[in-house]
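Using our numbering, read the sequence shown as starting at 354 and increasing by one per residue. Using N, Cα and C, we set each Cβ at its ideal position, and we do this for glycine too.
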Amino acid sequence: MKTHKLSIRDIAKQANVSVATVSRVLNNSDAVKEETRIRVQEIIDKNHYRPNELARGLFTKRSKSIGVILPEITNHFFAKVFLEIEKAALEHDQSVFLCNTLSDYALEDFYTERLSEKQIDGLLLLGGHSNRTKTSGEYVKLLKSVIFPTPIAIINGKLDQYNENYASVSSDEYEAMFQALSYLTELGHKKIAFLGGLKGIMSTDIKLKALQEAKASFAFQMKREWIIQSNYTYQGGVVAMKELLKAKELPTAIISVNDEVAAGAINTCISQGYHVPDDFSILGFDNSFISTTTLPAITTLAHPYKELGTMAVDFINQMIEEQPVGKTSHISLKMNIIERESCKKIK
Numbered sequence: 354m355k356t357h358k359l360s361i362r363d364i365a366k367q368a369n370v371s372v373a374t375v376s377r378v379l380n381n382s383d384a385v386k387e388e389t390r391i392r393v394q395e396i397i398d399k400n401h402y403r404p405n406e407l408a409r410g411l412f413t414k415r416s417k418s419i420g421v422i423l424p425e426i427t428n429h430f431f432a433k434v435f436l437e438i439e440k441a442a443l444e445h446d447q448s449v450f451l452c453n454t455l456s457d458y459a460l461e462d463f464y465t466e467r468l469s470e471k472q473i474d475g476l477l478l479l480g481g482h483s484n485r486t487k488t489s490g491e492y493v494k495l496l497k498s499v500i501f502p503t504p505i506a507i508i509n510g511k512l513d514q515y516n517e518n519y520a521s522v523s524s525d526e527y528e529a530m531f532q533a534l535s536y537l538t539e540l541g542h543k544k545i546a547f548l549g550g551l552k553g554i555m556s557t558d559i560k561l562k563a564l565q566e567a568k569a570s571f572a573f574q575m576k577r578e579w580i581i582q583s584n585y586t587y588q589g590g591v592v593a594m595k596e597l598l599k600a601k602e603l604p605t606a607i608i609s610v611n612d613e614v615a616a617g618a619i620n621t622c623i624s625q626g627y628h629v630p631d632d633f634s635i636l637g638f639d640n641s642f643i644s645t646t647t648l649p650a651i652t653t654l655a656h657p658y659k660e661l662g663t664m665a666v667d668f669i670n671q672m673i674e675e676q677p678v679g680k681t682s683h684i685s686l687k688m689n690i691i692e693r694e695s696c697k698k699i700k
C-alpha cells in the first residue's frame with residue numbers, strides 16, 4: 354500500500370493555519386505567535402515531516418551548499434585542504450559540491466557555469482585559474498557573468514581584476530622559502546638547486562622570486578642550470594633530478610617545489626648511486642603523506658591545512674551574512690619547517 358507523504362499544505366490544514374505560517378515556523382521566523390508555533394511544531398514532529406530543502410531555499414534564498422573547484426583531488430595538498438573545507442562546512446550546516454577539473458582549464462570553466470546553476474551560496478577555488486600568476490581575463494569575465502554576486506573564497510591564489518565579494522587565504526610560501534634557505538645555509542650549504550614547478554603558476558613563481566631576492570640575505574649560489582622545471586608529480590621529480598645530474602658542477606642541497614618532486618628526486622639519486630643526505634640534502638614543501646614514506650624521510654615546509662580550509666569557509670559565510678570581511682579579506686598564514694632525515698650539515 355502506497356504511503357501518502359505529508360505536504361506543507363497537509364500540515365497547514367491539520368493546524369488550521371495558512372501555508373505561509375507553516376513556512377515561517379519551518380524557517381524559524383519571529384513573525385509567528387508562540388502558541389501557534391507550538392501547535393504547528395507538534396504536528397510536524399508527530400508526522401516526522403521533513404521539509405523540501407529546494408522549496409525552503411526559495412524562501413530563504415539559501416541552498417545551504419558551497420561549491421569547491423580544484424585541479425586534482427589525488428594531490429595531497431588539495432585532498433587535505435578539501436577535507437578541512439568539508440569539516441568546516443558541516444559546522445555551518447552546509448553540504449559541498451566537489452568539482453575535480455583534472456588540471457583542465459576548459460573543464461574548470463564548465464564546472465563554474467554548472468555550479469552557478471546549482472544556486473550555491475558560495476564558491477571556493479583552489480589551484481587552476483586562481484593559481485596562475487596572471488589571471489585569465491576570460492575567466493574573470495565568466496565569474497562576473499555567472500557567479501557574481503555569489504561570494505568567492507580562494508586558497509593559495511588570487512583573481513586579478515575581480516574585486517566583487519572575494520576573499521583569499523594563503524600559505525606564505527615567499528616567507529617559507531626564506532625559512533628553507535636559512536635552514537640550509539645554517540647547515541653549511543652554499544650551492545643550492547631548485548627542482549620542479551612550472552613558470553606562470555603562482556606557487557612556483559613566488560618561490561622563484563623569493564630565491565632571487567634572498568641572495569641579499571644569505572650567502573649561497575644558484576646557477577641557472579640548477580633551476581629545473583617539471584610538473585608537480587613524483588615522475589616530475591625523477592625527470593628533473595636526472596637532468597640536474599647532467600650538470601658539470603653539482604649543488605650540495607636541493608629545494609623541491611613539493612614533496613612528490615622531492616620523493617622522485619631522492620629515489621633517482623639512490624638509483625644513480627648517490628646517497629641522501631650524504632651527497633645531497635633535499636628539502637620539500639607541503640608536509641604530505643609521501644614525505645614520511647621515503648628513505649630518508651623528507652624535511653619539509655608544512656602548510657596550515659586546518660586554518661586554510663576553516664578560514665576560507667568562514668570568509669564565505671561572513672560574506673553570505675553580508676558581514677564586512679574588512680582588512681582580513683586577503684591574509685597569509687605562516688608555514689613551519691618539519692625536520693626529518695633528508696638534510697645534513699656539511700663542513
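Those runs of the alpha helix (DSSP H) which lie wholly inside the segment 552-610 and span at least 4 residues:
Fully contained in the segment 552-610 are the following alpha helix (DSSP H) runs of length 4 or more, in chain order: 555-566 and 587-597.
Mind checking F547: buried by the 16 CB within 10 Å criterion, or exposed?
So F547 ends up on the buried side.
To test your reading of the DSSP string, which unbroken beta strand (DSSP E) runs of 3 or more residues are found completely within the segment 425-464?
With a minimum length of 3 residues, the continuous beta strand (DSSP E) runs that stay inside the segment 425-464 are 448-453.
Using DSSP bridges, identify the partner residues of F547.
Partner(s): I580 and I608.
Nearest-angstrom Cα distance between E491 and Y464?
Their backbone Cα atoms lie some 15 Å apart in a straight line.
Taking the beta carbon of E315 as the centre, do at least 16 other beta carbons fall within 10 Å, making it buried, or is it exposed?
Here the chain has residues from 354 to 700 only, and residue 315 is not among them.
Counterpart residues of T652 in DSSP-defined beta bridges:
Answer is L636, bridged to T652.
Residue nearest to L598 in terms of C-alpha spacing, selected from A572, Y585, F633 and R403:
Nearest C-alpha to L598: F633.
Taking the alpha carbon of T646 as the reference point, which residue from T605, M672 and E694 has its own alpha carbon closest?
Nearest C-alpha to T646: E694.
So T557 and V610 are in contact, right, with Cβ under 8 Å, and what is the actual spacing, rounded?
With a Cβ gap of about 6 Å, T557 and V610 count as contacting.
Where L407 and S416 are concerned, what is the direct C-alpha to C-alpha distance, given to the nearest angstrom?
Note on L407: pLDDT 49, under 50, position unreliable in the model; the coordinate value appears next. Answer to the nearest angstrom: the Cα atoms are 7 Å apart.
For a quick check, are the C-beta atoms of L468 and P424 less than 9 Å apart?
Not in contact: L468 and P424 (Cβ atoms no closer than 9 Å).
Can you tell me the Cα-Cα spacing of I635 and I419, whole angstroms?
Rounded to whole angstroms, I635 to I419 spans 39 Å at the Cα level.
Buried or exposed (CB count within 10 angstroms, at least 16 for buried), F342:
The requested residue 342 does not occur in the structure, where the chain is confined to residues 354 to 700.
Does the segment 501-508 come within contact of the segment 474-481, defined as at least 3 CB pairs closer than 8 Å?
Output reads yes: the segment 474-481 touches the segment 501-508.
How close, in whole Å, do the beta carbons of L534 and F573 come, if the pair is a contact with beta carbons under 8 Å?
For L534 against F573, the beta-carbon gap comes to about 7 Å, under 8 Å, which counts as contact.
Beta-ladder partner(s) of G475, from DSSP:
DSSP output for G475 lists I419 as bridge partner(s).
With L686 as the anchor, note down where its beta strand (DSSP E) starts and where it stops.
Under the DSSP assignment, L686 falls in the beta strand (DSSP E) whose first and last residues are H683 to L686.
Quick one: does P604 have its CB under 9 Å from some CB of chain D?
This model lacks chain D altogether, as it is built from one protein chain only.
According to DSSP, residues forming a beta bridge with S521:
Note: S521 sits in a beta bridge opposite I507 and H683.
Below 8 Å on the Cβ atoms is my contact criterion, and I expect L686 with A529 to pass it. Report the Cβ-Cβ distance as a whole number of Å.
Approximately 10 Å separates the beta-carbon atoms of L686 and A529; this is outside 8 Å, ruling out the contact.
For R403, three-class secondary structure by DSSP:
Correct three-state label for R403: coil.
Hey, could you find the ends of the alpha helix (DSSP H) N689 is sitting in?
Here N689 belongs to no alpha helix (DSSP H); instead the beta strand (DSSP E) covers N689 to I691.
For A569, which of G662, F531 and Y515 has the nearest alpha-carbon?
Residue F531 is the option with its Cα nearest to A569.
With 16 other Cβ atoms within 10 Å as the buried cut-off, status of Q447:
The residue in question, Q447, is buried, as its Cβ has 16 or more Cβ neighbours within 10 Å.
Per DSSP, what are the beta-bridge partners of R485 in this structure?
R485 is bridged by DSSP to I554.
Proximity of H656 and S483 at Cβ, strictly below 9 Å
For the 9 Å CB-CB criterion, H656 and S483 do not form a contact.
Counting C-beta neighbours from all protein chains within 10 Å, is the total for R668 16 or more, i.e. buried, or is it exposed?
Here residue 668 is Phe; the residue named in the question, Arg, does not match the sequence. The residue in question, F668, is buried, as its Cβ has 16 or more Cβ neighbours within 10 Å.
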